[in-house]
Structure formats: C-alpha cells, structure tokens
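Here is the structure we will look at.
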Amino acid sequence: DAGVTQSPTHLIKTRGQHVTLRCSPISGHKSVSWYQQVLGQGPQFIFQYYEKEERGRGNFPDRFSARQFPNYSSELNVNALLLGDSALYLCASGIMGGEETQYFGPGTRLLVL
Amino acid sequence: GQSLEQPSEVTAVEGAIVQINCTYQTSGFYGLSWYQQHDGGAPTFLSYNALDGLEETGRFSSFLSRSDSYGYLLLQELQMKDSASYFCAAPSNTGKLIFGQGTTLQVKP
C-alpha cells in the first residue's frame, strides 16, 4: 500500500507569491493534518481536516488556508509568502484524526526568496 | 500554554542504551507519542503511552508517568542507523499533535 504522498517535493518562490501544496492520504484514512517544520524545531500544527470539515486550526495567520476533497486528498494554500514561511511542510493522515498515530508524508520543502 | 521539553542533543556509542526524557505541560492530556525523524525524512511513529508504565516494542521502550508529567524513550542495543531526531508529542482531541523541540541522537562507533 502506498503511504502518504505529497507534491511537489521542493519549491522555490519569491516574497508575495502564493503556493499550493498537495497531499494524498493513505487509502482508507479520512483525516489529513498539515504541519510546518522549521529547521531544528519540532513540527507545528497548522490544520486538521476530517471528512472534508476543518476540525482544528493552529496559531497561523489567515494567509494559510486548506481544504479537503471528496477523495480525502488535501491542499494547503499560503498567500503573500514571507521569508519566514520557508520550511518543510508535512502532511499526516489518520483513520479518524485525534488518534495518537499519524502517518507523515515526506514533506514539501519550501524556500521563499 | 502547552509545551513539551526534551534535551536538544544526546550522544551514545553503538551497542549502548540511551534514554531521552520528555516533560510536558498540556491541558487535556491524552497520552504521549514518540516519533523518529532522519535528516530530510518524514517523522515516523515509534510508540504511544496512554497509561502510566512501560511499553516495549523491540529495541525501543517508552515510559509515562502522568503524576510526574514525564515520559521517556529508551533505546537499547544502539545501532548507527538510530542516529536521528526523536520527538515526543502529545495528541489532543482535535487531532492536533503538539511536538517537543526534538532530541538529536548521535550514535558513535
């Protein structure tokens, strides 16, 4: 079975641009969570979606938005990019969400210049 | 606030035993998870403690004491491939995982 997949793997953008990151969860998993990981730190929670509804939101500005599609895949959108948005963006899937075991994808490494 | 504290670095030799500690301050505590992350890779789930005590999975064990707001990950018979970052994390009822800052384990020959 395929694990969590994310695209693209790497991305370079300039300040002010917007970006869309994509995630496909493990087959049968209905929840998708997004995390931002800055170098040398632990992942920081951005959003969780379960059954296409936003279930939780972390302390991130409104420039960050996400959605989940009927096939449970998800997109994370970031508008008006700042240099500080440079990070590894991780997607994690779970069967129901809220459980202790989440399965992470390889991440998208975003560099904002 | 909610926070998990763990040492930033630990060094050990191949074949040894190492313990990575995690203390936490969270509201609505449900349990403590541990994740491993190799450089450039995704975090992978290692273990979860919902109740006090020791959970063993092969060379890795994890311990939780709710009364002390403390847990640890124990790695035995260290191998070079165990060199990685290790994160403790606390799940919430909204699906949010709160991660510690991570402990970088360096295993030396």
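Which chain is which? The protein sequence lines are A and B, in order.
Quick note: the first sequence uses our numbering, first residue 998, plus one each step.
Quick note: the second sequence uses our numbering, first residue 4, plus one each step.
Note that the Cβ used here is the ideal one computed from N, Cα and C, for glycine as well.
Bear in mind that the values here come from a model prediction, so they are computed numbers and not experimental data.
>> Taking beta-carbon pairs under 8 Å, can you tell me which members of the stretch 1020-1034 of chain A lie near chain B?
In response: Within the stretch 1020-1034 of chain A, the residues whose Cβ lies closer than 8 Å to some Cβ of chain B are Ser1028, Ser1030, Tyr1032, listed in chain order.
> Just by C-beta distance, which residues in the stretch 50-71 of chain B are closer than 8 Å to chain A?
Replying inline: Tyr51, Ala53
> In terms of DSSP beta bridges, what is Val1075 (chain A) paired with?
Replying inline: Within the first sequence, the letter at position 78 stands for residue 1075 (chain A). DSSP output for Val1075 (chain A) lists A:Val1016, A:Phe1061 as bridge partner(s).
> For the stretch 82-112 of chain B, which residues have a beta carbon sitting closer than 8 Å to at least one beta carbon of chain A?
Replying inline: Phe90, Ala92, Pro94, Ser95, Asn96, Thr97, Gly98, Lys99, Leu100, Ile101, Phe102, Gly103, Gln104, Gly105
>> For Gly1000 (chain A) and Ile1023 (chain A), which I take to be in contact (beta-carbon distance under 8 Å), what is that distance rounded to the nearest angstrom?
In response: In the first sequence, counting from the first residue as 1, residue 1000 (chain A) sits at position 3. In the first sequence, counting from the first residue as 1, residue 1023 (chain A) sits at position 26. Their Cβ separation, rounded to whole angstroms, is 6 Å, which keeps Gly1000 (chain A) and Ile1023 (chain A) in contact under 8 Å.
> Which residues mark the beginning and the end of the beta strand (DSSP E) in which Val110 (chain B) is found?
Replying inline: Position 107 of the second sequence, counted from the start, is the residue given in the question as residue 110 (chain B). Boundaries of the beta strand (DSSP E) harbouring Val110 (chain B): 106-111, taken from the DSSP string.
> Sorted by chain position, which residues of the same chain lie with C-beta nearer than 6 Å to Thr47 (chain B)'s C-beta, five sequence neighbours on each side aside?
Replying inline: To locate residue 47 (chain B), count along the second sequence from 1; it is residue 44. Excluding residues within five positions, the ones whose Cβ falls inside 6 Å are Gln39.
>> Less than 8 Å between CB atoms is the rule here; does Gly31 (chain B) satisfy it with respect to chain A?
In response: Here residue 31 (chain B) is taken as the residue at index 28 of the second sequence, counted from 1. Chain A, which has no Cβ nearer than 8 Å to the Cβ of Gly31 (chain B), makes this no.
> Is the CB of Pro10 (chain B) under 8 Å away from at least one CB in chain A?
Replying inline: Start at 1 with the first residue of the second sequence, and residue 10 (chain B) comes out as number 7. Taking Cβ atoms only, chain A never reaches closer than 8 Å to Pro10 (chain B), which makes this a no.
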